[in-house]
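Q: Once you've had a glance at the structure underneath, I'll fire off some questions.
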Amino acid sequence: MIAMEDRMRRTTFRTEYRPINLHLHDFTTRPDSDTPYSFHAESDMGRSVAWAGDLTVQPPRSSGRLEVTGVQLPRYHPYLEDFTTAVLTNGTADLQLEYRFGIETNGLDLVVSNATIRVAEADVLDPNTKEVVASVRGVEAKHAGFNFRE
């Protein structure tokens with residue numbers, strides 16, 4: 002189990018992840034040797050994180066796929082308080098992406114590809130009137146990418 006508490010926010014953010022399963026096969030620290038890995042964790046609120054790919058210790062690099070599902074957006078309201086007084090009352094999000102990461106003599110390399118994010122059933126309220134000022138029934142962005150060097 003991993004428990005996290007962020008007291009730097011106006012409203013304290015707390016969460017837990019359990020159970021956590023981590024599998025490393027043929028792990029090695031030999032230079033330029035890939036180690037396949039997989040990781041799966043579920044939170045106290047039904048979110049899950051699945052991460053799999055290859056990991057190299059020397060030099061540090063990894064490539065693989067990351068999937069985060071069932072994120073309950075209102076739980077992260079403490080992170081919105083610095084930007085808005087509006088209140089996110091519901092909504093879920095899922096994220097899937099492929100990535101390549103490395104730290105080499107030329108610096109940091111990070112490439113994200115084939116990213117998809119889905120948001121469903123999100124409503125935003127005016128905190129004073131309690132009126133819905135924005136609503137999303139479903140939105141999806143596909144095939145997104147990012148290249149740190151470019």
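In our numbering, the protein residues as written are 2 to 151.
Even glycine gets a Cβ: it sits at the ideal position worked out from N, Cα and C.
1) Classify residue 10 as helix, strand or coil using the three-state DSSP reduction.
2) On the DSSP bridge list, what partners appear for residue 5?
3) Could you give the first and the last residue of the continuous alpha helix (DSSP H) run that contains residue 81?
4) Exposed or buried, residue 48, counting other C-beta atoms within 10 Å across all chains shown (16 or more means buried)?
5) Name the residue from 64, 119 and 117 whose alpha carbon lies nearest to the alpha carbon of residue 100.
6) Expressed to the nearest angstrom, what Euclidean distance is found between the alpha-carbon atoms of residue 142 and residue 32?
A: In terms of the structure at hand:
1) As a working note, residue 10 is residue 9 in the sequence shown. Reduced to three states, the DSSP call for residue 10 is coil.
2) Here residue 5 is taken as the residue at index 4 of the sequence shown, counted from 1. According to DSSP, residue 5 bridges with 16.
3) For the purposes of this step, residue 81 is identified with residue 80 of the sequence shown, where counting begins at 1. Here the alpha helix (DSSP H) through residue 81 covers 78-81.
4) Residue 48 sits at position 47 when you count from the first residue of the sequence shown. Buried is the call here.
5) For this step, residue 100 is matched to residue 99 along the sequence shown. When each option's Cα is compared against that of residue 100, the closest is 64.
6) In the sequence shown, counting from the first residue as 1, residue 142 sits at position 141. In the sequence shown, counting from the first residue as 1, residue 32 sits at position 31. Cα-Cα distance, rounded: 37 Å.
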